[in-house]
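Here's the structure we're looking at; comments come further down.
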Amino acid sequence: MAYKADEYDKVKQRLRMAQKWRTDEGYDAKWRRMIDLYRGKTYWDNNQFGITNDRISVNLAFSTVNVIAPSVAVNHPKITVSATKEGDAERAVFVEAVINYLWRHHDYRKPFRRMVKDFLIVGHGWLKVGWKFVEEERNLSDNEMNEEYSRSVQEITDFGRENPDQAGGLPTDQEILDSLPATKMVVVEDQAFVERVSPFDMFVDPEATCIEDAKWIAQRIVRPVSEVKKDKRLKASARRKIEADTGIKSRWDNDDERDQYSDLVDRVTLYEYYDLEQGTISICSATGDEYLLEPTPMPYSFGHPFVMLRNYDVPDIFYPMSDLEAIESLQEELNKTRTQMVNHRKRYARKYLYHERSFGPEGREALESDEDGRFVPVIDENRNLGEVVVPLAQVPLAPEMYNHSNIIENDINTVSGVSEYARGQMPEIRRTATEASIIADAGNARAADKLAMVELNIGAVARHILQLMQQYMTRPQMVRITGKNNDDFFVAYSREDIMGEFDFFVEGGSTQPLNETARRQQAISLMNAVAPLVGVVIDPTELAKHVLSYGFGVKDPEKFMVQQQAPPAGPEDAATAPTAGAAPPPSIAGGMGGPPAAGAGGGAFEATGGVPPELLSQLQGQMGLELPNL
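Residue numbers (the numbering used here): -2 to 627.
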């Protein structure tokens, strides 16, 4: 299908207007300011003090980001999958194992952590989820050449045996060898990918207030001109006319000496343009006058490949606020205050006035020495010693400066929601345990809101990965599954094994760091919660193993288990004992009890045992935690 030139011009105009809108509204400048704020760079005029050019940065912006980020995205998530149709229930279990394995195997945590940093610093982050298929032409190895030669000789030999009348026209060994290919196409990548995209490289419809009501979205990609010209996926006529983009500058653009020796190659700016109304994708260049890829239907079943993580939404505005934007002015004021304090200390450091002729070299050296109890010889005998050296009057720093600094720090903690406790500080004001708990809970509430958004995005990415596999997977794959005894084994699967419709969720808090104390407390809380069920529907031995391994890091919990022996049979037991050959009553492996036999009164389960008292005493002594009386 041919597209008119005015349609291409319309796309280019949309891109220019989106860039102009971002510039006019100051978004790009603000994002760079936030990045510099995170790095501890400030731009206020230090010369207003008329003293020095020293600048002090007490970088609470850095602390704020690096307190929140690990609390929402540090570990691999535990993704749960549930079927939306009855027939897919069994496949959901396997899909869950596949998705969690792929997440860890390809370490999708890395782009997620980078996106979370964007999310906290500039207010939003982007991920791109798609399918990458790459083939490369490679030379055959000697072994591969020998295998190809043997296979060809065998085929020709078999043909000659089956067709003796044509045996005379068969190729010789040398002819066979000469006809063998020297190279082969090898599939290098054939899998889903997840990558972080810089917020500066994403452009959206200026009329949109969220990603859902955008009419179009585009990604800026900078590539070497030579690569673009060789890319056969792009239209040949457009590739031939590609020119270097002069607007792309090197890192050393302001340094002529470094720029001269830069290895910067000629590059061109491309735009992947997704028309969300028409459902098409196209590619154009900043310097070209026609499509490199004319509008074609989007390749993915779910539409455009981008996932956006949003921070503090502002009504009717597309780009959200960041955590640093809210404390920018406070951070700058804190830096100014601390700089004033340092400059005051330098300006009014202890100084003395002295008569130069009153001291010889030895006297000057002794006067400047930091040696305690040293004598200073004085030459001039016509002056009193009080006139020889006179201390310069000092101007003390007003105590309000220190109070002002503390007030600003408290304001930053209040606005950011990150308390002094979370920053690892011991507050000057001693608080009760209840007050500290309230402060911590307030900060945790904000972190929980961010965590929920991160988990939603992880679920969306997991869904896209599965949809891509359902759409593009052609070869069998392997997945590593961990069994009940922590034994790993590999299972082969095909596309048919993962077909179906599923919902994706992230186990709450699975991405958060979990310290040793928290694990122990969780294990103990679990024991308290299920105490009434132990020996009824909960196997006490398995519960004890979990508490030891998960809560206390015991690698071999079996050594703590006590093998309980059944009591000797009494007269009544002997009378009711089953005779030889009689079928045993139904039971469940592990001695956890099973469904009641037909006619059993009340349907009650029979307790089969308890946690060994020796184990209870050992656990009870750990961390001073209180265990249930099982």
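For every residue, glycine included, the Cβ atom is placed at its ideal position computed from N, Cα and C. A quick note: this is a predicted structure, and the numbers were derived from the prediction, not measured.
| Check | Outcome |
| --- | --- |
| Beta-carbon proximity check, Leu12 vs Ala215, cutoff 8 Å | yes |
| Euclidean distance between Cα positions of Pro374 and Pro388 | 18 Å |
| Burial state of Gly285 (16 or more Cβ within 10 Å) | buried |
| Inter-residue Cα distance where the pair is Val64 and Val126 | 28 Å |
| Simplified DSSP state of Met558, which is helix, strand or coil | coil |
| Cβ contact (3+ pairs, closer than 8 Å) linking the stretch 342 to 359 and the stretch 76 to 87 | no |
| Cβ neighbour criterion (16 or more within 10 Å) applied to Asn403 | exposed |
| Neighbour-count burial assignment, Glu425, 16 or more Cβ in a 10 Å radius | Confidence in Glu425 is poor, its pLDDT being 49 and thus under 50, which makes the residue's placement unreliable; the coordinate value appears in the next sentence. Counting Cβ neighbours within 10 Å, Glu425 comes out exposed, since fewer than 16 surround it. |
| Pairwise C-alpha distance: Gly383 and Lys348 | 15 Å |
| Under 8 Å between C-beta atoms of Thr277 and Thr293 | yes |
| Helix, strand or coil at His301 according to DSSP, with G and I counted as helix | coil |
| Own chain, CB closer than 7 Å to His461, minus 5 neighbours either side, in chain order | Val126 and Phe299 |
| Whole-angstrom distance between Ser60 and Ala430, CA atom to CA atom | Here the model assigns Ala430 a pLDDT of 46, short of 50, so the residue's position is not dependable, and the following value carries that caveat. Using only the alpha carbons, I get a separation of about 24 Å. |
| Limits of the unbroken alpha helix (DSSP H) element including Val150 | Asp139 to Glu159 |
| Exposed unless 16 or more other CB atoms sit within 10 angstroms - verdict on Glu651 | The structure shown has nothing for residue 651, since the chain only spans -2 to 627. |
| Residues bridged to Arg230 (per DSSP) | For Arg230, which the question treats as bridged, DSSP gives no partner whatsoever. |
| DSSP beta-bridge partners of Pro294 | Thr277 |
| Any 3 or more C-beta pairs closer than 8 Å across the stretch 300 to 311 and the stretch 112 to 125 | yes |
| Alpha carbon of Ile48 to alpha carbon of Asp369, nearest angstrom | Any reading at Ile48 must be qualified, since the residue scores a pLDDT of 44, below 50, and its modelled position is unreliable; the value itself is stated next. If I take the Cα positions, the gap works out to 32 Å. |
| Val534 versus Leu453 - alpha carbon distance | 34 Å |
| Alpha-carbon spacing of Leu364 relative to Leu327, whole angstroms | 44 Å |
| Every unbroken beta strand (DSSP E) within the stretch 61 to 101, with a cutoff of 3 residues, ordered by chain | 76 to 80 |
| Beta-carbon gap between Asp536 and Phe91 smaller than 8 Å | no |
| Residue environment, Ser434, which counts as buried when at least 16 other CB atoms sit within 10 Å | Summary for Ser434: the model assigns pLDDT 48, below 50, so the residue's position carries little reliability; its value from the coordinates is reported in the next sentence. Exposed, since its Cβ has fewer than 16 Cβ neighbours within 10 Å. |
| Whole-angstrom distance between Ser149 and Asp170, CA atom to CA atom | 10 Å |
| His401, DSSP secondary structure in three states | helix |
| Own chain residues within Cβ distance below 8 Å of Pro168, not counting five before or after | Ile153 and Ser176 |
| Nearest-angstrom Cα separation, counted from Val503 out to Ser79 | 11 Å |
| Val95 versus His401 - alpha carbon distance | 55 Å |
| Euclidean distance between Cα positions of Asp228 and Asp3 | 25 Å |
| Reduced DSSP secondary structure (H/G/I, E/B, other) of Tyr628 | The structure shown does not extend to residue 628, since the chain is modelled only from -2 through 627, so no value can be given for it. |
| Backbone secondary structure at Asn379 - three-state DSSP | coil |
| N- and C-terminal bounds of the alpha helix (DSSP H) containing Val113 | Arg106 to Ile118 |
| Three-way DSSP call (helix, strand, coil) for Glu204 in this model | coil |
| Nonlocal neighbours in the same chain, by C-beta distance under 6 Å from Met589, ignoring five residues either side | Here Met589 scores only 32 on pLDDT, less than 50, and its place in the model is too uncertain to base an answer on. |
| Run of the beta strand (DSSP E) containing Thr266, from where it starts to where it stops | Arg264 to Asp272 |
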